[in-house]
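To start, the structure under review is shown below, and the notes come after it.
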Amino acid sequence: MALICEKCRRIIMEDVCPFCGSTETREPADDDHCYLTILNLPSEAAVLKELLNQKGIPFRMNIVSIDKHTVTRDVYVPYSCLEEAQREMAKLWKEEPAGDAWNEELGSDVFQADEIDQMECSILDGMDLEELKAYKDKISKTLKEIKALEQLWKERTNRLLDMREEAETLIDELS
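Following UniProt numbering from start to finish, the sequence shown increments by one per residue and tops out at 175.
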């Protein structure tokens, strides 16, 4: 039986929330806002907001944290719309439905945001030639990954803009 955690608003199957440890759980009501996903980039928020608006799915975005590279938002939808929102998100991103689909790490062969924040030239001082080559390769892979993600976001944004344009045309034709 599905339960909602009163603390983190996630849908769970256990009496104790595996995400936050809370024991305050109950059966969800259709209008309970439930955790859908976490977003770390403004572009993610814009794309998901557009998708949910187009599908008529009510939602709420709460800012969780702000730093120099990201604005982290949690997204919530009514329990009655949760499965549809997960399906639509999965179609858009071509991933399996999952609440944390966008929160996955990129891998150990590229730098993570926190590693980039802590980079200083002094770390290169003690490296031998092989370590410097490996470091350079990791920087190159990180840049390629960033460029690939940037292209992916551009394609997805363009796809959403095209969908919006089509919807506006249909609305005009129906008016």
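Heads up, the beta-carbon is just placed ideally off N, CA and C, and yes, glycines get one too. As the structure is a computational prediction, the values presented were derived from the model and not from experiment.
Assigned exposure category for M1 - 16 Cβ within 10 Å defines buried: exposed
Pairwise C-alpha distance: D162 and Y135: 41 Å
Same chain, Cβ closer than 8 Å to E168, neighbours up to 5 away in sequence not counted: none
For M61, the nearest candidate out of P42, Q54 and D67 (CA to CA): P42
Neighbour-count burial assignment, T37, 16 or more Cβ in a 10 Å radius: buried
Exposure label - I66; buried when at least 16 CB within 10 Å: exposed
Which of helix, strand or coil DSSP assigns to M61: strand
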